[in-house]
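Presented below is the structure to which this report refers.
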Amino acid sequence: ISQVFYYQDVKCREEMYDKDIIMLQIGASLMDPDQFLLLILQRYELADAFKKIKPTKDQDLIKQCNVLIEEMLQILIYVVGERYVPGVSNVTKEDVIMREIIHLLCIEPMAHSAITKSLPENENNETGLENVIDKVATFKKPGVSGHGVYELKDECLKEFNMFFYHYTKTQHSKAEHTQKKRRKQENRDEALPPPPPPGFSPAFSNVVRILNCDVMMHILRTILQRAVELETHLWTEAMIQMVLHLLSLGLLEEKQQLQKSPEEEVTFDFYHKATRMGSSALNAVNVLMLLEKLKRVPQLEAQKDTVNWILQMFDTVKRLREKTSLTTVAATSGSEATKGDETQSTQDKEKAERKRKAEAARLHRQKIMAQMSALQRNFIETHKLLYENTLEAQGKEDAIMEEESMSSAIDYSRIALGPKRGPSVAEKEVLTCILCQEEQEVKLESAAMVLSACVQKSTALTQNRSRVLELSGDTLDPLFMHPDLPCGTHTGSCGHVMHAACWQKYFEAMQLNFRQRLHVEQIFDLENGEYLCPLCKSLCNTVIPVVPLQAQKINSEDAEAVAQILSLARWLEIIIVRISGYSVKNAKGEKQNLPAFANKGMGNSALEFHSILSFGVQSSAKYSSSIKEMLILFATTIYRVGLKVAPNEADYRIPMMTWSTCAFTIQCIENLLETEGKPLFGSLQNRQHSGLKALVQFAAAQRTTSPQVLIQKHLIRLLGVLLPNFKVEDTPSLLEVDMFHILVGVVLSFPSLYWEDAVDLQPSSISSAYNHLYLFHLTTLAHITQIVVSSATVGFIFLCAESPTARSYENSEEARSAQSFCREVCQYTSGCFSQDIPGWLVWDCVKKGIMPYLRCAALFFHYLLGVSPPEELLEVSEEGQFKALCSYLSLPTNLFLLFQEYWDTVNPLLQRWCADPVVLSCLKGKSIAIRYPRKRNSLIELPEDYSSLLNQASQFRCPRSSDDEQKHPVLCLFCGAMLCSQNTCCQELVNGEELGACTSHALQCGAGVCMFLKIRECKVVLIEGKTRGCLYPAPYLDEYGETDPGLKRGNPLHLCRERYRKLHLLWQQHCIIEEIARSQETNQIFFGFNWQLL
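With the first letter of the sequence shown counted as 1, position 667 gets the number 667 in full-length UniProt numbering; the numbers rise by one all the way through.
Spelled out as structure tokens, the structure:
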């Protein structure tokens, strides 16, 4: 088998296959053509096949005979038609290479490297491709994926030879299909005749005599006769195709000779032999007559255009022989297929017929439409009274509905928070299970439906890669996220829906299946709940229950009445009293320290424990047992993956991790939308939209599966950051927390304050509206303070240089408000904060710094409440976006007015925030605070020229090795660290396991997921954990738009920005794990590779 392969392989065929063809051509040029063909027939044992004997009925023998005839005809085509060899005909080496390239590109457009591999090399290991490629092809530049390809020029298509001798069977079929498809698209016939071949050199001139010798005519006539009679199976369509090709070659040869020389000098008489009538029964019908009959054979409909072309060639040669019309001959010879007037007139008739039929069909449609219109008019006239009454009633209803909608939703439909909150857009949601294909409406009391999902740890947003991550979360407290976002828990979904019961059956079946296949390496970890989505094969490790959005309506009159008495101060006092009451209950009589302003101006009523219930309550949502099970399952997975601990459904940190993954996932999506320059709403993929909606609703519902006392304890700790009177043990400073995580935590845990011993309650729509509004305003005030203080630690002068447009706010109301706020902060920080900072600069810092927070909050409240966002948030506009966000979130566009509106309440809070030791330490320059807005992470900057990276690698010395051993330097694309890969010198012991430099680095830099560039091999390596990884195309391309894995071709490489951006998005979209799983599923090569020691 290997010998057969190498016989026609590009590396060896010049000395084997090609030389054999030349040897046959030498024999044909020296021998009598009839004798040569008889020897060929004898060699193939086909002499009896062309005798007039009764055909055998043995199907195996018939099949064997047909295969041998096809092979013999193919060899004859090569002997008489393959002349592109210097010496065999008058062609140059360049002509040969050009022909090879033309036939390669006739199959499909190809990359430079693919063409190079398909061409033979000379003694200097050169193919000569560069010298001729531009003459026959045009280069099409690559897109974001794929590579640049060469496409054949239109003028070279006429050189296509369907029976090119270097084609394999697959290439022959593909090239034929491609060319026929192209001609069909151009509304041309599908005939693919051979191009006119170059003339043989004098030494090989006798080869053409094979075409018009008696034995050849007998072979051609016999095969055509069998096809016409349809009485025997001793023919195939491929055989007929080859016979037609040989006829075409004979006619082209005769035509070329007649055009070059006078008729009396031309001895090649193919036309006479093919049209000559014989005397015996064997050749009573000539080839021309058989071709006419062949057109009517239904099995050969695909060859009809080729037969027509040959018949026209017969006519052309006849005219050349008779020399009747030189003008006609010249015209027909110049055309591609030498089409005759007869064919043109036939085509004109066919076009006219098609046009006539189309016109008749159009008139028929018009007639039917006119009849339908008449029937409609007749019906309306007959039932005129009924029709008018229906229209009148419908018009009144529309007018009433329009008035109602206008009066109730003029200004409030696009506001998410407060008493003016718009209506929730909660549509009936009917989903189809991808496993059983049954539809089901999503309801609280129905069986659970779930989305495939993947929970993973992530450092995509981190502001400090030097921070050491804790590999185990046994002692970790995840309630507070540090503002540098060192490591979060991301939840992504492919958006495919299943019944929970169907998913459980599928997962159990998969477990059983893989347990039985003990010796097969698995691409996913069943023990940790991993599986492949049944539809898209994405790697998943859990499911998100689909919880329906509870539509909430607010009565405007009730909201106005509540607004008169429920100010922020009153609301805070009620909350403090409620929390204090719970604390007293839980402490069983122990003395509690209440905040100082709890009693202020409220008398005894302020101490009423149940006063929070007076503004509206309702019974809690009742979920089906199936949904509750899925809520617990998903929450436990988040806890297990996010903290790297064993599952424990009763652990007190499960609610914390639920809120944390909700907040972090929203931040990741907001970051991605901003990076891609997409609007906040309306641009999410369906999978992102479905996943985020399900995640937020799950986070809101998860509270019902945990003890409410536990939720209350978490809430008190979270409020301790905003209300310093609530100082609980280990409460962090204002500068040590991420405010959006605080916001999500307090909003989702706040309903626990409505819990009563006897009955399970939750706030009503009006109560929720005020709770959300005041919690958001408090958090926003704290975040503004964060931004101002952290900007002061960086230095406003530095920020001024960074923002040259900030001066446009110099005389604005915002600048004056900011200046006033700075004076208060200066007073409360004992002068550590300068009051001389320009107000316009402070406002510019606040406006820019708070945008990511506002965008995240808008996403969160939209998916929590279902209120439609303003139209401006469906577009990309910085100024319009800020105003729309403020409107949607019930904020003044001058954010400092919030301080003025709530000054009596916020003033003591601001005092305590500013007096915090951590804040004062930062203002004194003893420590550094995170600056807002946080920087958007991206992959490291790579040099344009790959040789720069190679120079860096050549200078790399392993810090742990003193020898000069050749190392394998890799570059971390997250942080830029150069590591020593696949060497024992840099292996580390982590938790008792030997890990390679890359794997151990990935645990700290990317929480186990990382991206490396192997410099000496020009390959990107994606790894996840200790056991999984894959190779990915490097972002460096040569001038032909191709990568060069292993640097084997040695072409200069340059950075492709689009490819590098694709890698960046792969990281920011958290799709690295998914890409690794897909790669390992399709490519089994790296199953044996020990990724742990990379």
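Cβ atoms here follow ideal geometry from the backbone N, Cα and C, with glycine treated the same way.
For residue i, three-class secondary structure by DSSP
i, result
"C487", "coil"
"M110", "strand"
"V430", "strand"
"G831", "coil"
"D757", "coil"
"I1015", "coil"
"M372", "helix"
"E649", "coil"
"T338", "In this prediction, T338 scores a pLDDT of 42, lower than 50, which makes its location untrustworthy; no coordinate-derived value is stated."
"P852", "helix"
"F270", "helix"
"A393", "Confidence at A393 is low in this model, with a pLDDT of 44, below 50, so the placement of that residue is unreliable and no value is reported for it."
"I632", "helix"
"S620", "coil"
"P33", "helix"
For residue i, the first and last residue of its enclosing beta strand (DSSP E)
i, result
"P1033", "1028-1033"
"V285", "Taken as a continuous stretch (DSSP letters only), V285 belongs to no beta strand (DSSP E), as it is neither H nor E."
"S749", "Here S749 belongs to no beta strand (DSSP E); instead the alpha helix (DSSP H) covers 739-749."
"L995", "993-995"
"F139", "137-140"
"I544", "542-545"
"A453", "449-458"
"L152", "149-152"
"M978", "978-980"
Neighbour-count burial assignment, residue i, 16 or more Cβ in a 10 Å radius
i, result
"K926", "exposed"
"G529", "buried"
"I1076", "buried"
"K63", "exposed"
"K11", "exposed"
"V4", "exposed"
"A650", "exposed"
"Y7", "exposed"
"N161", "buried"
"W235", "buried"
"K396", "Confidence in K396 is poor, its pLDDT being 42 and thus under 50, which makes the residue's placement unreliable; the coordinate value appears in the next sentence. Its Cβ having fewer than 16 others within 10 Å, K396 is exposed."
Nearest residue (CA-CA) to residue i, options the options
i, options, result
"L105", "F139, A818, V215, N187", "F139"
"G849", "V788, A563, V307, P908", "V788"
"L718", "A694, M739, K153", "M739"
"V769", "S424, L211, L910", "Rather than Val, the amino acid found at residue 769 in this sequence is Ala. The candidate whose alpha carbon is nearest that of A769 is S424."
"I766", "S1000, Q667, E573, Q618", "Q618"
"residue 1107", "R931, E108, C922", "No answer is possible for residue 1107: the residues shown for the chain start at 1 and end at 1094."
"D32", "Q550, C213, C1005, N951", "C213"
"N1090", "K1026, L841, T731", "K1026"
"L290", "L244, A302, R319, S261", "L244"
"C958", "A997, S921, P483", "A997"
"V195", "G250, P202, A663", "The sequence shown places Pro at residue 195, rather than the Val named in the question. The candidate whose alpha carbon is nearest that of P195 is G250."
"F50", "A28, E264, M217, G81", "M217"
"I310", "Q299, A274, P298, E322", "A274"
"L46", "D474, C845, C65, P852", "C65"
CB contact below 9 Å: residue i versus chain D
i, result
"L854", "This model lacks chain D altogether, as it is built from one protein chain only."
Residue span of the alpha helix (DSSP H) that contains residue i, given as start and end
i, result
"A953", "946-955"
"T905", "903-914"
"S887", "878-888"
"K505", "500-516"
Meets three-Cβ-pair contact criterion under 8 Å: the region 487-501 and the region 671-679
Segment contact: the region 487-501 against the region 671-679, fewer than three CB-CB distances shorter than 8 Å; contact not assigned.
Tell me whether the region 246-265 and the region 170-189 touch, counting them as touching only if at least three CB pairs, one residue from each stretch, are closer than 8 Å.
No: the two stretches stay apart, fewer than three of their Cβ pairs being nearer than 8 Å.
The region 676-694 contacting the region 636-656, beta-carbon criterion three pairs below 8 Å:
Pairwise C-beta distances place the region 676-694 out of contact with the region 636-656, as fewer than three of them are shorter than 8 Å.
Within 8 Å, do at least three Cβ pairs link the region 169-184 to the region 116-132?
The region 116-132, when compared against the region 169-184, does not touch it at the 8 Å Cβ threshold.
How do the region 685-700 and the region 540-551 stand: do at least 3 beta-carbon pairs fall below 8 Å, yes or no?
Between the region 685-700 and the region 540-551 there are three or more inter-stretch CB-CB distances shorter than 8 Å, so the stretches are counted as touching.
Per the contact definition of three or more C-beta pairs closer than 8 Å, is the region 94-102 in contact with the region 19-34?
Verdict: no, contact absent.
Does the region 1013-1024 come into contact with the region 77-97, if we say contact requires no fewer than three beta-carbon pairs (one atom in each stretch) closer than 8 Å?
No, the region 1013-1024 does not touch the region 77-97.
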